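Residue numbers (my numbering): 1 to 257.
Where is the CB? At the ideal position from N, CA and C, for every residue including glycine.
Values in this document were obtained by computation on a predicted structure and should not be read as measured data.
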């Protein structure tokens, strides 16, 4: 990996760090490809239970690298569709994904974070759909993700005015789940990641999929898929282990079977 650091722990947590700190982790063509490969690898791994996405050098991600040297010899439509496929690969990871935001998350960097399931920010983090300041429209799924988090009118305000939002304001709007002191960010996210990694993988995956699909499903469809999911989970070894652990007054050990 030239632009990413991928670290795996014994408890099933994989940490993916965007590693172009001199460019505030702006995503160049190499990083787009490495993100695609990494997201697909995590999605299909039997040992990765939780992914943490973060950035090196005091920033999360400054968006796509707009320097002339990074323009590939592609038609613009092909290039943008490729970037979109990276966002889709992140969206389709079946396991829980946490964005750990230290510093700026702007443009495609913000939308990369919005594609995660949970977002934890340090108190100095800043967020912006900065595209309009560059004469650009929103990409990497921002026009789909943002309204679902903050509502239609607020999403238009954030995208059209391209203002910079503090971590506290981002939490008030529903963009982030928690804001913690910068020096506590690693420990807080590490605790959440370990708790999720210790959870029942099959049940968590099915719950994530149903909640992600909630806005495009009817109530009757949702009830149907809930029934199907419960039918699957109640037949797993993990559910039997959870019931036995409950009666034995101990913590269950889930194996994803």
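As assigned by DSSP and simplified to three states, the class of residue i
{"i": "residue 178", "result": "strand"}
{"i": "residue 194", "result": "helix"}
{"i": "residue 106", "result": "strand"}
{"i": "residue 202", "result": "helix"}
{"i": "residue 26", "result": "coil"}
{"i": "residue 9", "result": "coil"}
{"i": "residue 262", "result": "Residue coverage of the chain in this structure runs from 1 to 257, which leaves residue 262 outside it and unanswerable."}
{"i": "residue 218", "result": "coil"}
{"i": "residue 150", "result": "helix"}
{"i": "residue 162", "result": "coil"}
{"i": "residue 64", "result": "strand"}
{"i": "residue 33", "result": "helix"}
{"i": "residue 142", "result": "helix"}
{"i": "residue 189", "result": "helix"}
{"i": "residue 257", "result": "coil"}
{"i": "residue 136", "result": "coil"}
{"i": "residue 250", "result": "coil"}
{"i": "residue 75", "result": "coil"}
{"i": "residue 92", "result": "coil"}
Neighbourhood of residue i by C-beta distance below 7 Å, restricted to the same chain and skipping five residues each side
{"i": "residue 189", "result": "52, 98, 100, 120"}
{"i": "residue 138", "result": "129, 131, 159"}
Nearest residue (CA-CA) to residue i, options the options
{"i": "residue 127", "options": "50, 215, 114, 211", "result": "114"}
{"i": "residue 129", "options": "171, 238, 63, 239", "result": "63"}
{"i": "residue 150", "options": "191, 169, 132", "result": "169"}
{"i": "residue 198", "options": "55, 95, 57", "result": "95"}
{"i": "residue 23", "options": "135, 227, 60, 117", "result": "60"}
{"i": "residue 67", "options": "28, 155, 201", "result": "28"}
{"i": "residue 191", "options": "7, 110, 50, 171", "result": "50"}
{"i": "residue 9", "options": "93, 20, 193", "result": "193"}
{"i": "residue 125", "options": "138, 141, 165", "result": "165"}
{"i": "residue 210", "options": "256, 76, 225, 93", "result": "225"}
{"i": "residue 203", "options": "45, 142, 235", "result": "235"}
{"i": "residue 146", "options": "136, 228, 175, 131", "result": "175"}
{"i": "residue 142", "options": "93, 73, 177, 108", "result": "108"}
For residue i: DSSP bridge partner residues
{"i": "residue 4", "result": "18"}
{"i": "residue 128", "result": "106"}
{"i": "residue 100", "result": "120"}
{"i": "residue 50", "result": "13"}
{"i": "residue 84", "result": "Answer is none; residue 84 lacks a bridge partner."}
{"i": "residue 55", "result": "18"}
Local Cβ density within 10 Å of residue i, reported as buried at 16 or more and exposed below that
{"i": "residue 34", "result": "buried"}
{"i": "residue 47", "result": "exposed"}
{"i": "residue 85", "result": "exposed"}
{"i": "residue 5", "result": "exposed"}
{"i": "residue 12", "result": "buried"}
{"i": "residue 215", "result": "exposed"}
{"i": "residue 31", "result": "buried"}
{"i": "residue 20", "result": "buried"}
{"i": "residue 135", "result": "exposed"}
{"i": "residue 254", "result": "buried"}
{"i": "residue 77", "result": "exposed"}
{"i": "residue 232", "result": "exposed"}
Chain-order list of residues whose beta-carbon lies under 6 Å from that of residue i (same chain, five-residue window excluded)
{"i": "residue 122", "result": "102, 182, 185"}
{"i": "residue 252", "result": "241, 242, 245"}
{"i": "residue 91", "result": "115"}
{"i": "residue 55", "result": "18, 25, 61"}
{"i": "residue 7", "result": "15"}
{"i": "residue 206", "result": "229"}
{"i": "residue 57", "result": "21"}
Nonlocal neighbours in the same chain, by C-beta distance under 8 Å from residue i, ignoring five residues either side
{"i": "residue 133", "result": "162"}
{"i": "residue 256", "result": "46, 49, 200, 201, 202, 238"}
{"i": "residue 40", "result": "89"}
{"i": "residue 80", "result": "139"}
Interface flag, residue i vs chain C, CB-CB below 9 Å
{"i": "residue 238", "result": "Reference to chain C is not applicable here, since this structure consists of a single protein chain."}
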